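Engineer: Here you go, one structure.
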Amino acid sequence: MPASKLPPPARVGSFSEKWPPKPTWKAPEDVPDLSGQIFLVTGGNVGIGRETCRILVARNAKVYLAARSEERAQTAIDDICRSTGKSNIHFLKIDLSDLSSVRKAAEQYISMEQELHVLINNAGVLYSPGIGPQTAQGYDVQFGVHVLGHYFFTLLLMPTLLRTANGEISGTPKPVRVVSVSSDAHEMTAPKKGIVWDSLQKGDAATPARKKLTGTRLYGQSKLGVVLISSELARRYGDQGVVAISLHPGGVKSELLRHLHPIIAWIVERIRIYPVSLGIITTLYAATSEAALDMNGEYLTAWARRQVPSIHAQNLEMGERLAGWSMAYCVFSINKPNIFIPINLDLKRVGLVASVVVDFVIAVAMLMLLKDTDSVDGAAQFKPFRRCTKDETASGTDFWTAIAQYPQCSIYFSTFLANLNARHFIRGSGDDTTVSNMEDIRFANTSDGLRRVELEWLGHVQCIESRKVYLL
Numbered sequence: 003m004p005a006s007k008l009p010p011p012a013r014v015g016s017f018s019e020k021w022p023p024k025p026t027w028k029a030p031e032d033v034p035d036l037s038g039q040i041f042l043v044t045g046g047n048v049g050i051g052r053e054t055c056r057i058l059v060a061r062n063a064k065v066y067l068a069a070r071s072e073e074r075a076q077t078a079i080d081d082i083c084r085s086t087g088k089s090n091i092h093f094l095k096i097d098l099s100d101l102s103s104v105r106k107a108a109e110q111y112i113s114m115e116q117e118l119h120v121l122i123n124n125a126g127v128l129y130s131p132g133i134g135p136q137t138a139q140g141y142d143v144q145f146g147v148h149v150l151g152h153y154f155f156t157l158l159l160m161p162t163l164l165r166t167a168n169g170e171i172s173g174t175p176k177p178v179r180v181v182s183v184s185s186d187a188h189e190m191t192a193p194k195k196g197i198v199w200d201s202l203q204k205g206d207a208a209t210p211a212r213k214k215l216t217g218t219r220l221y222g223q224s225k226l227g228v229v230l231i232s233s234e235l236a237r238r239y240g241d242q243g244v245v246a247i248s249l250h251p252g253g254v255k256s257e258l259l260r261h262l263h264p265i266i267a268w269i270v271e272r273i274r275i276y277p278v279s280l281g282i283i284t285t286l287y288a289a290t291s292e293a294a295l296d297m298n299g300e301y302l303t304a305w306a307r308r309q310v311p312s313i314h315a316q317n318l319e320m321g322e323r324l325a326g327w328s329m330a331y332c333v334f335s336i337n338k339p340n341i342f343i344p345i346n347l348d349l350k351r352v353g354l355v356a357s358v359v360v361d362f363v364i365a366v367a368m369l370m371l372l373k374d375t376d377s378v379d380g381a382a383q384f385k386p387f388r389r390c391t392k393d394e395t396a397s398g399t400d401f402w403t404a405i406a407q408y409p410q411c412s413i414y415f416s417t418f419l420a421n422l423n424a425r426h427f428i429r430g431s432g433d434d435t436t437v438s439n440m441e442d443i444r445f446a447n448t449s450d451g452l453r454r455v456e457l458e459w460l461g462h463v464q465c466i467e468s469r470k471v472y473l474l
């Protein structure tokens, strides 16, 4: 169905959003033949993800079902193969709450496939009312899975997506898609001021902020993050053939409800829970319909209707900041980069003592960029070369401790690495990454600096000869 014939946009929180009218685009009836296309679906072993995979397989797509449990995934795959009579579906192991697992999953996919036409970031978790567990790297698990895990996975696969979009392998350029499943919770239960940056710190440092928000708002915040990141992907890669769409699938019965209190789950099920057969419509529309190719950067709601997202979800500055923070922290959470100072001194070769000395010097320098607590909206802001307090100095003698305690520090360090001829984010290329433009050395334009870092990383993260991802 042409986009122009879709129902008018729904309003966030409106009656029609919570109790949507009958769909005008249906699944599986309106899903086109997908022969020759490769889809990757996270959380494809249960609920919406499972039924999405079923329809994709039935329509002749090659599908990779990405999930944490191989046993549960294989059960889903066997069921899909029996019901469709086809076997074009494969398991990809991934634990989105562990960035190391995310990296391995990307490596595995790249070792098997040269192209990827559609990435569906569907997996989700829900913990309420408590603050829930933490990811392997110490983040709130809801934010870690919905935002950090999926964004890192998307960036690792971006070279493959871009290569597919420009027709490098097939010879025929064709837009690719990144579909991200969010929720109306991005507006209904997200914090009133948008992203609460203090809650995004690692480990116990974020506990006070997380307890204040509670699990419900942490969930809403994570789903707001999904919309913001999707919009950033659309803005950054739309002109390169990537169509990024986020969506609310509707109030659908799923395994997410298992984390709720039984009474709350019972009430929710009886007020606004629809069958999964309806819940897959919006995802499949975004992932397969021809009309959706003209919806880059948009947000859809049930059932396959355009919607204007929340005010915070339209905040470009917040989205850019979240994308930069997420990229930096995803990398730094896994491994400490191999630092090269301007004279190309390899810290690994000069010995432990010299490494400690240089690490201390860099720590002191970076700690001069600590929080300005009087900043607008209370967010972490930095002023170059501000004299740090005694407490700040005492708590930050180790550089990596400083990175963990002060999230924005990692963003500045990304720019710092790019400007100081750092070999960052990559091993095995044989070349040092050099950014000739030194004007951002004092971080006057952090956004541009981050953009250069990301471009350099995406340009080198993949070793073309072996088609494997290399990270320090």
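Just so it is clear: in the sequence shown, position 395 is 397 by my numbering, and no numbers are missing.
We treat Cβ as the ideally placed atom computed from N, Cα and C, and that holds for glycine.
Treat the numbers as computed from the prediction; the structure is a model and nothing was measured.
1) With a threshold of 7 Å on Cβ separation, who are the neighbours of residue 148 within its own chain once the five nearest residues in sequence on each side are excluded?
2) Use the C-beta contact count for residue 89: other C-beta atoms within 10 angstroms, 16 or more gives buried, fewer gives exposed.
3) So, under 8 Å CB-CB, residue 31 and residue 282 are touching, yes? Tell me the CB distance rounded to an integer number of Å.
4) Which value, in whole angstroms, describes the spacing of the CA atoms of residue 183 and residue 247?
5) I want to check one thing, is the minimum distance from the CB of residue 216 to the heavy atoms of the ligand NAD below 7 Å?
6) Using only the alpha-carbon positions, how far apart do residue 304 and residue 252 sit?
7) Take the Cβ of residue 185 as the centre, count every other Cβ of all protein chains shown within 10 Å, and call the residue buried at 16 or more, exposed below.
8) For residue 412, name the three-state secondary structure that DSSP assigns.
9) Leaving out five residues before and five after residue 191 in sequence, what residues of the same chain have Cβ atoms less than 7 Å from its Cβ?
10) With a threshold of 7 Å on Cβ separation, who are the neighbours of residue 295 within its own chain once the five nearest residues in sequence on each side are excluded?
11) Please work out which residues of its chain come closer than 7 Å, Cβ to Cβ, to residue 84, disregarding the five sequence neighbours upstream and downstream, and give them in chain order.
12) What does the Cβ neighbour count give for residue 74, buried or exposed, with the cut at 16 atoms within 10 Å?
13) From the DSSP output, in three-state form, read off residue 318 for me.
14) I'd like the span of the alpha helix (DSSP H) that includes residue 228, first residue to last.
15) Can you list, in chain order, the residues of its chain whose CB lies under 8 Å from that of residue 280, leaving out five sequence neighbours each side?
16) Closest by CA to residue 180, which one among 154, 135, 61 and 169?
17) Mind checking residue 82: buried by the 16 CB within 10 Å criterion, or exposed?
18) Counting Cβ pairs, one atom from each stretch, are 3 or more of them under 8 Å apart for the stretch 110-125 and the stretch 152-168?
19) The alpha helix (DSSP H) with residue 306 in it runs from where to where?
20) Give a yes or no on whether the C-beta atoms belonging to residue 29 and residue 249 are separated by under 8 Å.
21) Going by DSSP, what residue range makes up the beta strand (DSSP E) through residue 78?
22) To the nearest angstrom, report how far apart residue 197 and residue 151 are at their CA atoms.
23) Tell me the residue span of the alpha helix (DSSP H) that contains residue 106.
24) Compare the Cα-Cα distances from residue 87 to each of 212, 79 and 140 and report the closest residue.
25) From the DSSP output, which residues share a beta bridge with residue 64?
26) Would you check if the stretch 136-144 and the stretch 204-213 touch, i.e. whether three or more CB-CB distances between them fall below 8 Å?
27) For residue 143, does the three-state DSSP call read helix, strand or coil?
28) Looking at the secondary structure, which residues open and close the beta strand (DSSP E) in which residue 91 lies?
29) From the DSSP output, which residues share a beta bridge with residue 179?
30) Just to confirm my understanding: we take residue 311, look at its own chain, exclude 5 residues before and 5 after, and list those with CB closer than 6 Å. What are they?
31) Give a yes or no on whether the C-beta atoms belonging to residue 111 and residue 204 are separated by under 8 Å.
32) If you count every other CB in all the chains shown that lies within 10 Å of the CB of residue 290, and 16 or more means buried, which is it?
33) Can you give the Cα-Cα distance for residue 40 and residue 167, rounded to whole angstroms?
34) Does DSSP put residue 289 in a helix, in a strand, or in coil?
Structural biologist: Reading from the atomic positions:
1) Counting only Cβ-Cβ distances below 7 Å, and skipping sequence neighbours, we find 126, 224, 225, 227 and 228.
2) The Cβ neighbour count for residue 89, taken over all protein chains shown within 10 Å, is under 16; the residue is labelled exposed.
3) Wrong, their Cβ atoms sit about 12 Å apart, outside the cutoff.
4) So the two alpha carbons sit approximately 9 Å from each other.
5) Ligands displayed in this structure: none; no statement on the ligand NAD is therefore possible.
6) Rounded to whole angstroms, residue 304 to residue 252 spans 5 Å at the Cα level.
7) With 16 or more other Cβ atoms within 10 Å, it is buried.
8) Residue placement at residue 412 is poorly supported in this model, since its pLDDT is 43, which falls under 50; the coordinates are not used for a value here.
9) Apart from sequence neighbours up to five positions away, the residues of its chain that approach residue 191 with a beta-carbon distance below 7 Å are 218, 219, 221 and 222, ordered along the chain.
10) For residue 295, where only same-chain residues beyond five positions count, the Cβ hits under 7 Å are 177 and 245.
11) Excluding its 5 nearest sequence neighbours in each direction, residue 84 has no C-beta neighbour in its own chain below 7 Å.
12) Burial call: exposed.
13) When secondary structure is reduced to three states using DSSP, residue 318 falls in the helix class.
14) Here the alpha helix (DSSP H) through residue 228 covers 209-239.
15) Hits under 8 Å: 25, 252, 254, 304 and 305.
16) In terms of CA proximity to residue 180, 154 leads the group 154, 135, 61 and 169.
17) Around the CB of residue 82, 16 or more other CB atoms lie within 10 Å, so the residue is classed as buried.
18) Using a Cβ-Cβ distance cut-off of 8 Å, the stretch 110-125 and the stretch 152-168 are in contact, since at least three pairs of beta carbons, one from each stretch, lie closer than that value.
19) No alpha helix (DSSP H) holds residue 306; DSSP gives it neither H nor E.
20) The Cβ atoms of residue 29 and residue 249 do not sit closer than 8 Å to each other.
21) If you look at residue 78, you'll find it isn't in any beta strand (DSSP E); it sits in the alpha helix (DSSP H) that goes 72-86.
22) Each residue's alpha carbon lies about 17 Å from the other.
23) Its alpha helix (DSSP H) spans residues 101-114.
24) Of the candidates 212, 79 and 140, the one whose C-alpha sits nearest the C-alpha of residue 87 is 79.
25) Partner(s): 40.
26) When C-beta atoms of the stretch 204-213 are compared with those of the stretch 136-144, three or more pairs fall below 8 Å, so the two segments count as touching.
27) Helix at residue 143.
28) Note, residue 91: beta strand (DSSP E), 91-95.
29) According to DSSP, residue 179 bridges with 120 and 245.
30) Result list for residue 311: 229 and 301, in chain order.
31) Their beta carbons are not under 8 Å apart, which means residue 111 does not touch residue 204 by this criterion.
32) With 16 or more Cβ atoms within 10 Å of its Cβ, residue 290 is classed as buried.
33) For residue 40 and residue 167, the distance between alpha carbons rounds to 12 Å.
34) Helix, per DSSP.
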